[in-house]
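Asks: Can you read through this structure? Questions will come right after.
Protein chains: 2
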Amino acid sequence: MTALAFSPEEVMGSQKLAASVNTNPVVVRRLLLALRRARLIETFAGKRGGARLRKKPNRIFLVDIYDAVESRPVIPINERKALKECHVSCKMKSIMSCVAESTEQAVRKHLRGITLAQLVRKVHHRR
Amino acid sequence: MTALAFSPEEVMGSQKLAASVNTNPVVVRRLLLALRRARLIETFAGKRGGARLRKKPNRIFLVDIYDAVESRPVIPINERKALKECHVSCKMKSIMSCVAESTEQAVRKHLRGITLAQLVRKVHHRR
DNA sequence: CCAACTGTAATCAAGACAATTACATTTAAG
DNA sequence: CTTAAATGTAATTGTCTTGATTACAGTTGG
């Protein structure tokens, strides 16, 4: 996404993007699909196809990207069945769900404070 | 840890703890080692052995437990080598490290606000 | 028409991690 | 002192996740 934000006009192919993160084009395309679903980018098929940002980099927050591509929670909850004889065990799922949920919100709040434009600015900086 | 905090006097064996989270005693013992290293609990070998909290539940924060047992970062950084020809690619590791670091701090700050005592209180509550 | 793309499914390989087994060591209790 | 019940810890196995890869149908600009 930072690469796309770096030259917001350009339509960049999955091949080029994959090379820049040193992975396979198909992996990138799968991510691009998720980002498109979130309406962060638009993609074009055919020759000279590829992806391009749909919003200005200063209107895209990291939380948007996080929500689009990250499926697993920061704190996963134990899905095994509780021990019926144990009062603590029986309550833990609901208790930990609450902790997990609020932690997720803390992360999202933090990521709401960072824009793609900021990252691009860092690309231009010295250090 | 909530189970230990529920009856802070009792020395509880890995067998009992494992049953309450529906897993294997050895898995629990490995976690207990990490918690002991963090000085959150003490363990006793031999018959009638097991684990017990070393501090009062209201002095143990979830961040302490998180630091003790969680090794993987919330946002892992891409460890592959960058594409030398690409300016963005070359800068991304340092940029994302910064994002990952601050996100980690956000999580830890949140977890610093929750104590084991609070979780125990929830165990006692109706809903 | 064709070359260069995307979209997508299917398969494969690698790595992570829990579960399990095994056993040496420790300790309380009888 | 002996024994039963624990921990500490290594080794192994199985499962699951995930990225990499291959393959191919569909799309589009030149």
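So the protein sequences, as listed, match chains A and B. Position 43, counted from 1, in the first sequence is what this note's numbering calls 43; the numbers after and before it change by one each time, with no gaps. Positions in the second sequence are counted from 1; adding 1000 to them yields this note's numbering. By construction, the Cβ of each residue, glycine as well, lies at the ideal position given by its N, Cα and C atoms.
Hey, is B/Met-1092's beta-carbon within less than 8 Å of any beta-carbon in chain A?
Replies: Along the second sequence, one-based indexing puts residue 1092 of chain B at 92. It does; some Cβ of chain A falls within 8 Å.
Asks: Report the rounded CA-to-CA distance for B/Arg-1036 versus B/Arg-1030, giving the unit in angstroms.
Replies: Residue mapping note: residue 1036 of chain B aligns to position 36 of the second sequence, counting from 1. Residue mapping note: residue 1030 of chain B aligns to position 30 of the second sequence, counting from 1. Those two C-alpha atoms are separated by around 10 Å.
Asks: What is the C-beta distance between B/Arg-1054 and B/Leu-1040, in whole angstroms, given that I count them as a contact (C-beta under 8 Å)?
Replies: In the second sequence, counting from the first residue as 1, residue 1054 of chain B sits at position 54. In the second sequence, counting from the first residue as 1, residue 1040 of chain B sits at position 40. Contact flag correct, Cβ pair sits at about 6 Å.
Asks: Counting only beta-carbon atoms, is B/Ala-1003 nearer than 8 Å to chain A?
Replies: The count along the second sequence starts at 1 and reaches residue 1003 of chain B at position 3. True, the Cβ-Cβ gap to chain A drops below 8 Å.
Asks: Secondary structure at B/Ala-1051, three-state DSSP: helix, strand or coil?
Replies: Translated into the one-based positions of the second sequence, residue 1051 of chain B becomes position 51. Three-state DSSP puts B/Ala-1051 in a strand.
Asks: Leaving out the 5 sequence neighbours to the left and right, which residues in its chain are closer than 7 Å to A/Phe-44 when beta-carbon positions are compared?
Replies: Along the first sequence, read from residue 1 onward, the residue named residue 44 of chain A stands at position 44. Excluding positions up to five away in sequence, the list reads Val-11 and Gly-50.
Asks: Under 7 Å Cβ to Cβ from A/Phe-6, same chain only, skipping five residues before and after it: list those, please.
Replies: Residue numbering aside, residue 6 of chain A sits at position 6 when the first sequence is read from its first letter. Here the set comprises Val-120 and Val-123.
Asks: Quick one: what's got a C-beta closer than 7 Å to A/Asn-58's C-beta in the same chain, skipping five residues either side?
Replies: Working through the first sequence from its first residue, we reach residue 58 of chain A at position 58. For A/Asn-58, where only same-chain residues beyond five positions count, the Cβ hits under 7 Å are Thr-115 and Ala-117.
Asks: At the 8 Å Cβ level, is A/Ser-14 part of the contact set with chain B, yes or no?
Replies: The count along the first sequence starts at 1 and reaches residue 14 of chain A at position 14. For A/Ser-14, the answer is no, since every Cβ of chain B falls outside 8 Å of its Cβ.
Asks: Going by C-alpha distance, which of B/Glu-1070, B/Ser-1102, B/Gly-1113 and B/Leu-1083 is nearest A/Gly-113?
Replies: Position 113 of the first sequence holds residue 113 of chain A. The residue with the shortest Cα to Cα distance from A/Gly-113 is B/Ser-1102.
Asks: Would you say A/Leu-111 lies against chain B (beta-carbon separation less than 8 Å)?
Replies: Walking along the first sequence from the start, residue 111 of chain A turns up at place 111. It does; some Cβ of chain B falls within 8 Å.
Asks: Identify, in the order they occur along the chain, each residue of the same chain with its Cβ nearer than 6 Å to the Cβ of B/Val-1063, setting aside the five sequence neighbours on each side.
Replies: What you label residue 1063 of chain B is simply residue 63 of the second sequence in a count that begins at 1. Excluding sequence neighbours, B/Val-1063 sits near Arg-1108, Leu-1111 and Arg-1112.
Asks: What residues in its chain sit with their C-beta under 7 Å from that of B/Pro-1073, if we drop five residues either side in the sequence?
Replies: Stepping through the second sequence from its first residue, residue 1073 of chain B is reached at position 73. If we look at B/Pro-1073 and ignore the five residues flanking it on each side, its Cβ neighbours are Ala-1100 and Glu-1104.
Asks: Restricting to runs no shorter than 4 residues, where is the alpha helix (DSSP H) found entirely within the segment 1071–1121 of chain B?
Replies: As far as the segment 1071–1121 of chain B is concerned, its whole alpha helix (DSSP H) runs of at least 4 residues are 1087–1111.
Asks: By DSSP, does A/Thr-43 sit in helix, in strand, or in coil?
Replies: Taking the first residue of the first sequence as 1, we reach residue 43 of chain A at position 43. Strand at A/Thr-43.
Asks: Taking 6 Å as the limit between beta carbons, can you name the residues of its chain near A/Ser-14, skipping five residues before and five after?
Replies: As a working note, residue 14 of chain A is residue 14 in the first sequence. So the list reads Pro-25, Val-28 and Arg-29, once near-sequence residues are dropped.
Asks: Establish whether the CB of B/Leu-1051 and some CB of chain A are separated by less than 8 Å.
Replies: Residue 1051 of chain B sits at position 51 when you count from the first residue of the second sequence. The sequence given here has Ala at residue 1051 of chain B, not Leu. B/Ala-1051 does not count as touching chain A.
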